[in-house]
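Student: So in full-length UniProt numbering, spot 669 of the sequence shown is number 669, and the numbers just go up one at a time.
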Amino acid sequence: MKKFNRTLVTTALPYANGPVHIGHLAGVYVPADIYTRYLRMKGEDVLLIGGSDEHGVPITIKAQKEGITPQDVVDKYHNIIKDSFEKFGITFDIYSRTSSPVHHETASNFFKTLNDKGEFIVKTSEQYYDSQANQFLADRYITGTCPHCNSEGAYGDQCESCGTSLNATDLINPTSSITGNKPELKETKHWYLPLDKYENQLKSWILEEHKEWKPNVYGQCKSWLDTGLHPRAVTRDLNWGVPVPAEGAEGKVLYVWFDAPIGYISATKELTPDWEKYWKADDSKMVHFIGKDNIVFHCIIFPAMLKAEGSYILPENVPANEFLNLEGDKISTSRNWAVWLHEYLEEFPDKQDVLRYVLTANAPETKDNDFTWKDFQARNNNELVAILGNFVNRALVLTHKYYKGIIPAQGELTDFDKETLAQIPVFKEQVEKNLETYHFREALKEAMGLARLGNKYLADTEPWKLIKTDEERVKTIMNISLQITANLSTLIEPFLPFTAIKLRQFLNIEPLAWQNIGANVIADHHQINTASLLFEKIEDETIQAQVDKLLTTKASNEAEKRVVAPAKENINFDDFMKLDIRVGTITAAEKVAKTKKLLKLTVDTGIDQRTVVSGIAEHYTSEEIIGKQVSILVNLEPKKLKGIESQGMILMAEDADGKLSFVSPDTKIKPGSEIR
């Protein structure tokens, strides 16, 4: 195995058009942080590079929707994302942004280098154009039916349902996202990177040299390579992004997938003047943490760019995860179907590690997985509280109870003691093995195995019973229990960093070196501090509040989907003038007996006091509508309802979800006033 002297870890740059959600965390940022923390704890030279992707069409679409500038959008969400990551404990060495001057200069110079070397093909082609909007349509401004899976709403560069990368011209029934019109094809000039030129090199590099890559990554790359690579445009007709530094490229910017990965380079340049040794030295290891929708860009397009430039190393591994769904449905920013990190941090204060634990234990490493709030609660209560928290609490509480918090010295060890202690380095080795091969779910399971070992040790030795008959034996039991606890404070740190700090505070110790796990790491007669609970149970009502929040979102999404009823047939003006609609005031109201929907109303119409039976009882109580001014059709022929003669009709507006609202004047007006 090749020996590396430093490691560069990059994380996919989140689009700064919305906050970060749990899908982003599970797919990219939690595993990247675990891996980086682990390498740091081993004393290795490692950088974790991140930043916001602030260019591309999703930004401009968001700006149009909100009526603000793209810069306003990226400033808002970059700050939300960066703050959320910091509070959640993602330990970036730098979290930059692609709107920075350093990035614009780096991306521009990268393009110029390739252009000067003659690496691009410049050609005119037909691309979609919206004549009403008077602009060419970038990939994300075009939607249509995916030619591979027939899903509606596929974008011009990718189908989010099946994950296939597309060209806009592949779409069936393309539609402009700006105007809703069918776009036309029009000629435009663009710069293309000839991926086919590097096809054989990429085949050798991936298919022969990196068979250890995760099956989902290797398989997707093989599929692309087997079908043959083609030149891909690296410029777009757009006014937001890095301007293309070439003659005849006015009004064009770098394609976001050419621009964004260069953000890893520009962020490293911002961080350190020694950036080149991480990017260009043969003894440097580069690892990209991404989601499965970014595999092609990081394994084929970006490496082809680096090869074309000529001086950069290629990634050693790209451990992409699959997708995390939410309560059985795909996470979606546009549908607000997500658990947003910044909201979680507010609603679950000091519970960063609970979410880190759940997302790692349920990581979508080999297939799409599902996050549910019930599973979140169960893992917290049944694993963090009942296993890790329970062992630590018992070990610390008993030490305070029996020895006033002073660690007793070990006496003679039994075979069971020796067997227990001998398992500590085994857990360490298993955690290392799994972290080195990017199996974070298994690594966490092994780390929790040490807590399970501690629980079993206490349950089997029963010091709370033995204290009555063999005090010397209990001293050894408690010493070993605290050795396990101290080792846990290091072994769990990559996964649960806030808990590790808390645990060390309880034990009154400094951070332990990773390589020392397994030894007697805490001294006899050491004074520990008073402990509190590591974790607390999460109650049903807390979880129900989150479920209700999602149900509200689902109801809102379904209401938005409902189609407005078409207009009825035209009537002539004379027919309309026959309607006599007045402002009335409800002076009395009561429920009609043996009905669910009907209220009997007395309405002051300005003409008279009359009775109206209205089907609004499921929407309003009798008490809340007395004094309400309403619109009433006063010349409707009377009709008996449940034996009551109704002498008019109250006009109501019905929402998409069936909710009724009064059509009322916005200021108090005299009853009998005509509505024209």
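Glycine included, C-beta positions come from ideal geometry on N, C-alpha and C.
Predicted model, so just to flag it, every value in this text is computed and none were measured.
Considering only their Cβ atoms, is the gap separating A16 from D45 smaller than 9 angstroms?
Tutor: Judged by beta-carbon spacing, A16 lies beyond the 9 angstroms limit of D45, meaning their Cβ atoms are not closer than that value.
Student: L355 to Y457, Cα distance in whole Å?
Tutor: Straight-line Cα distance between these residues: approximately 28 angstroms.
Student: For T227, tell me which candidate among L435, S165, E105 has the shortest Cα-Cα distance.
Tutor: Nearest option by C-alpha distance: S165.
Student: K554 and L534 look like a contact to me (Cβ under 8 angstroms); what is the Cβ gap, rounded to whole Å?
Tutor: Actually they are not in contact, since the Cβ atoms of K554 and L534 sit about 35 angstroms apart, beyond 8 angstroms.
Student: Within the chosen definition, does the region 205 to 224 reach the region 100 to 115 through at least 3 CB pairs nearer than 8 angstroms?
Tutor: no
Student: Using only the heavy atoms of the ligand ZN, determine whether one of them is closer than 8 angstroms to the beta carbon of L444.
Tutor: You won't find the ligand ZN in this model; it holds no ligand whatsoever.
Student: What residue does the beta strand (DSSP E) around K591 start on, and which one ends it?
Tutor: 581 to 591
Student: Can you look up R452 in the DSSP assignment and give me helix, strand or coil?
Tutor: helix
Student: Given this structure, state the Cα-to-Cα distance separating V287 from E276, to the nearest angstrom.
Tutor: 16 angstroms
Student: If you compare alpha carbons, which of W279, R610, T621 is closest to P303?
Tutor: Minimum Cα-Cα distance from P303 among the listed residues W279, R610, T621 corresponds to W279.
Student: Would you report the Cα separation of L13 and L359, rounded to the nearest angstrom?
Tutor: Near 19 angstroms, if we compare the C-alpha coordinates of L359 and L13.
Student: Have a look at T143, L185, L413 and flag the residue whose alpha-carbon is nearest the alpha-carbon of S177.
Tutor: T143
Student: What are the residues that DSSP puts in a beta bridge with A443?
Tutor: Bridge partners of A443: none, in fact.
Student: Determine which residues share a DSSP beta bridge with L599 and list them.
Tutor: K591, S614
Student: On the DSSP letters alone, give me the boundaries of the beta strand (DSSP E) that T175 sits inside.
Tutor: 172 to 176
Student: Ends of the beta strand (DSSP E) at V630?
Tutor: Element bounds for V630: 629 to 633.
Student: Restricting to runs no shorter than 4 residues, where is the alpha helix (DSSP H) found entirely within the region 27 to 57?
Tutor: 30 to 41
Student: Are the CB atoms of W337 and L326 within a distance shorter than 9 angstroms?
Tutor: For the pair L326 and W337, the CB atoms are nearer than the 9 angstroms cut-off.
Student: Nearest-angstrom Cα distance between I22 and R232?
Tutor: 32 angstroms
Student: What did DSSP end up calling N369 once you bin it into helix, strand or coil?
Tutor: strand
Student: What does DSSP give as the partner residues of L388 in its beta bridges?
Tutor: Looking at the DSSP assignment, L388 forms no beta bridge with any residue, so it has no partner.
Student: Does E86 come out as helix, strand or coil in the three-state DSSP assignment?
Tutor: helix
Student: Of all the options L8, P19, F4, A32, which has the alpha carbon lying nearest to the alpha carbon of R441?
Tutor: Nearest C-alpha to R441: A32.
Student: Once DSSP output is grouped into helix, strand and coil, what is the label at D157?
Tutor: coil
Student: Between I477 and P463, how many whole angstroms is the CB-CB distance? I'm expecting something under 8 angstroms.
Tutor: 5 angstroms
Student: How would you label I265, buried or exposed, when you count the other beta carbons within 10 angstroms and need 16 or more for buried?
Tutor: buried
Student: Do K597 and I616 have their C-beta atoms closer together than 9 angstroms?
Tutor: yes
Student: Which value, in whole angstroms, describes the spacing of the CA atoms of V630 and H619?
Tutor: Their Cα atoms are separated by approximately 15 angstroms.
Student: In this structure, does DSSP put L660 in helix, strand or coil?
Tutor: strand
Student: Taking the C-alpha atoms as reference points, what is the distance between E412 and G454?
Tutor: 19 angstroms
Student: Looking at A107: is its Cβ nearer than 9 angstroms to the Cβ of D259?
Tutor: yes
Student: With 16 other CB atoms within 10 Å as the buried threshold, where does S96 fall?
Tutor: buried
Student: Secondary structure at Y402, three-state DSSP: helix, strand or coil?
Tutor: helix
Student: How far does the beta strand (DSSP E) with Q505 in it extend, from its first residue to its last?
Tutor: First-last for Q505: 497 to 507, but that is the alpha helix (DSSP H), not the beta strand (DSSP E).
Student: Please state if the CB of T11 and the CB of V28 are separated by a distance shorter than 9 angstroms.
Tutor: Yes, these two residues count as a Cβ contact at 9 angstroms.
Student: In terms of residue numbering, what span does the beta strand (DSSP E) encompassing H21 cover?
Tutor: No beta strand (DSSP E) contains H21, which DSSP labels as neither H nor E.
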